[in-house]
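The opening position of the sequence shown corresponds to residue 1 in UniProt numbering, with each subsequent residue numbered one higher.
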Amino acid sequence: MEENFQLKESICDIDSIKGSIIQKKRVPVDLHVNLLNALQVIYASNQLLNSINDSISTKYDSNNKEHEDKLLQLWNKLMPNKSLQSRITKQWIDIGFQGNDPATDFRGMGIQGLDDLLFFAEHYPAHARSILEHANDPLQWYPFAIVGINITKFNYQLVESKKLQLYLFEYGTDERAFQEFYCYLFYKFDQFWMFTVMEFESRFNEFKFIVEKELMQQKFDNTSSTIAPGVITVLVAPVTGNTLSININDP
Numbered sequence: 001m002e003e004n005f006q007l008k009e010s011i012c013d014i015d016s017i018k019g020s021i022i023q024k025k026r027v028p029v030d031l032h033v034n035l036l037n038a039l040q041v042i043y044a045s046n047q048l049l050n051s052i053n054d055s056i057s058t059k060y061d062s063n064n065k066e067h068e069d070k071l072l073q074l075w076n077k078l079m080p081n082k083s084l085q086s087r088i089t090k091q092w093i094d095i096g097f098q099g100n101d102p103a104t105d106f107r108g109m110g111i112q113g114l115d116d117l118l119f120f121a122e123h124y125p126a127h128a129r130s131i132l133e134h135a136n137d138p139l140q141w142y143p144f145a146i147v148g149i150n151i152t153k154f155n156y157q158l159v160e161s162k163k164l165q166l167y168l169f170e171y172g173t174d175e176r177a178f179q180e181f182y183c184y185l186f187y188k189f190d191q192f193w194m195f196t197v198m199e200f201e202s203r204f205n206e207f208k209f210i211v212e213k214e215l216m217q218q219k220f221d222n223t224s225s226t227i228a229p230g231v232i233t234v235l236v237a238p239v240t241g242n243t244l245s246i247n248i249n250d251p
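1) Check whether the region 172-190 touches the region 152-163, taking contact to mean three or more Cβ pairs, one atom from each stretch, closer than 8 Å.
2) Is it the case that the region 84-91 contacts the region 37-46, given that we only count it when at least three CB pairs across the two stretches are under 8 Å?
3) Checking 8 Å against the spacing of the C-beta atoms, do Leu74 and Ala121 come in under that value?
4) With a threshold of 8 Å, are at least 3 pairs of Cβ atoms found where one atom belongs to the region 14-21 and the other to the region 56-70?
5) Look up Ser51 in the DSSP assignment and say whether it is helix, strand or coil.
6) Among the candidates Ile93, Lys65 and Asn64, whose CA atom is the shortest distance from the CA of Leu78?
7) Near Asn46, which residues of its chain fall below 8 Å by C-beta distance, leaving aside the five closest residues on each side in sequence?
8) Are the region 21-37 and the region 139-150 in contact at 8 Å, needing three or more beta carbon pairs?
9) When you compare only the Cα positions, how much space is there between Phe97 and Cys12?
10) Closer than 6 Å by C-beta to Ile149: which residues in its own chain qualify, once you throw out the five before and the five after it? Chain order, please.
11) Return the Cβ separation of Ala103 and Ser130 in integer angstroms, given the expectation that the two are a contact with Cβ distance under 8 Å.
12) So what does DSSP say about Val29, is it helix, strand or coil?
13) According to DSSP, simplified to helix, strand and coil, what is Pro125?
14) Indicate the three-state DSSP secondary structure (helix, strand or coil) for Tyr167 in the structure shown.
15) DSSP state of Glu9, grouped into three classes?
16) Mind checking which residues open and close the alpha helix (DSSP H) that includes Gly148?
17) Below 8 Å between beta carbons: does that hold for Phe192 and Phe207?
18) Determine the burial state of Glu2: buried for a count of at least 16 other Cβ atoms within 10 Å of its Cβ, exposed for fewer.
19) For Leu196, does the count of other Cβ atoms within 10 angstroms reach 16, so buried, or fall short, so exposed?
20) Considering only residues of the region 54-118, which uninterrupted alpha helix (DSSP H) runs meet the minimum length of 4 residues and lie entirely inside it, listed in chain order?
21) For Met194, count the other beta carbons within 10 Å of its own beta carbon; 16 or more makes it buried, fewer makes it exposed. Which is it?
22) Tell me which same chain residues have a C-beta within less than 7 Å of the C-beta of Ile111, skipping the five on either side of it?
23) Suppose you measure from the CA of Ala44 to the CA of Leu118; what does that come to, to the nearest Å?
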């Protein structure tokens with residue numbers, strides 16, 4: 001449906017899209033407000049996805065002072081009692097990077113990978129340092145920063161596939177909500193981890209499966225509409241739970 005493409009544009013007329021859907025799908029009057037709310041969430045989540053894509057496409061640049069400052073802030077937040085000896089140093093391995101220059105580890109997720117790690121360290125410093133300590137356990141070790149970058153990728157995939165749509169509907173569709181869920185995923189992963197690093201790939205896939213299953217089963221009491229890929233399900237009656245599904249991919 002044309003409306004589905006319009007909702008992905010940076011600027012669109014949501015009222016006009018609502019009117020078009022009402023006319024094509026004969027949506028009852030008592031559902032018009034809920035339909036509008038659902039369309040606004042779809043539009044906002046599409047804009048969030050565009051913003052994240054831009055950040056992922058922005059490669060870490062060692063010549064960019066802003067990027068370098070963020071990286072040094074990450075170190076200072078995670079290791080407040082230990083000074084960094086130099087910019088290029090094996091000390092970076094202490095917080096879970098693979099070598100003496102973290103810049104190479106951000107190639108897959110761009111500056112978004114660093115922004116998410118820094119958000120966690122800045123907003124939840126005690127939790128971040130506690131998880132870093134657990135990550136450095138000699139028996140159940142895992143690379144903190146590398147796991148964080150993998151969680152950024154997973155979180156992005158959840159938004160892209162619309163599996164995070166209910167969460168975004170309830171808690172907001174801005175980057176703050178995205179990064180708050182990132183922190184939750186990091187905390188949840190640390191609780192899940194009781195393995196060796198040699199098992200990382202299979203265990204991380206298992207972790208993703210658990211999260212996706214929980215998201216599929218999640219319900220929000222205050223939600224009047226839900227959104228799946230291309231489908232809006234509008235709540236008709238909160239008491240009976242009757243719903244009307246509108247496939248906006250249909251012609």
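Ideal Cβ placement from N, Cα and C applies to all residues, glycine included.
In short:
1) The region 172-190 and the region 152-163 touch, with no fewer than 3 CB-CB distances between them shorter than 8 Å.
2) Taking 8 Å as the limit for Cβ pairs, the verdict is that the region 84-91 does not touch the region 37-46.
3) Looking up residue 74 in the sequence shown gives position 74. Looking up residue 121 in the sequence shown gives position 121. Yes, they are a contact pair.
4) Verdict: no, contact absent.
5) The residue labelled residue 51 in the question sits at position 51 within the sequence shown. Reduced to three states, the DSSP call for Ser51 is helix.
6) Counted from its first residue, the sequence shown places residue 78 at position 78. Nearest C-alpha to Leu78: Ile93.
7) Looking up residue 46 in the sequence shown gives position 46. Excluding sequence neighbours, Asn46 sits near Leu7 and Lys8.
8) Judged by Cβ distances under 8 Å, the region 21-37 makes no contact with the region 139-150, as fewer than three pairs qualify.
9) What you label residue 97 is simply residue 97 of the sequence shown in a count that begins at 1. What you label residue 12 is simply residue 12 of the sequence shown in a count that begins at 1. Near 42 Å, if we compare the C-alpha coordinates of Cys12 and Phe97.
10) Against the sequence shown, residue 149 aligns to sequence position 149. Apart from sequence neighbours up to five positions away, the residues of its chain that approach Ile149 with a beta-carbon distance below 6 Å are Met109 and Gly113, ordered along the chain.
11) Taking the first residue of the sequence shown as 1, we reach residue 103 at position 103. Taking the first residue of the sequence shown as 1, we reach residue 130 at position 130. The beta-carbon distance between Ala103 and Ser130, rounded to whole angstroms, is 27 Å. This is too long to meet the 8 Å contact definition.
12) Numbered from its first residue, the sequence shown carries residue 29 at position 29. DSSP places Val29 in helix when its eight states are reduced to three.
13) Here residue 125 corresponds to residue number 125 of the sequence shown, with the count starting at 1. Helix at Pro125.
14) As a working mapping, residue 167 is identified with position 167 in the sequence shown. In the structure shown, Tyr167 sits in a helix (DSSP, three-state: H, G or I).
15) For this step, residue 9 is matched to residue 9 along the sequence shown. In this structure, Glu9 counts as coil in the three-state DSSP scheme.
16) Here the question's residue 148 lines up with position 148 in the sequence shown. That run of the alpha helix (DSSP H) goes Phe144 to Glu160.
17) Taking the sequence shown and counting its residues from 1, one reaches residue 192 at position 192. Taking the sequence shown and counting its residues from 1, one reaches residue 207 at position 207. Less than 8 Å separates the beta-carbon of Phe192 from that of Phe207.
18) Looking up residue 2 in the sequence shown gives position 2. With fewer than 16 Cβ atoms within 10 Å of its Cβ, Glu2 is classed as exposed.
19) For this step, residue 196 is matched to residue 196 along the sequence shown. A quick correction: the sequence has Thr, not Leu, at residue 196. Exposed: under 16 other Cβ atoms inside 10 Å.
20) Runs of the alpha helix (DSSP H) inside the region 54-118: 65-78.
21) Residue mapping note: residue 194 aligns to position 194 of the sequence shown, counting from 1. Flag for Met194 reads exposed.
22) On the sequence shown, residue 111 is found 111 positions in, with the first residue counted as 1. Around Ile111, the same chain offers Ser55, Thr58, Tyr60 and His67 as residues with beta carbons nearer than 7 Å, after the five sequence neighbours per side are excluded.
23) As a first step, residue 44 is located in the sequence shown; it is residue number 44 there, counting from the start. As a first step, residue 118 is located in the sequence shown; it is residue number 118 there, counting from the start. If you take the alpha carbons of Ala44 and Leu118, they lie about 24 Å apart.
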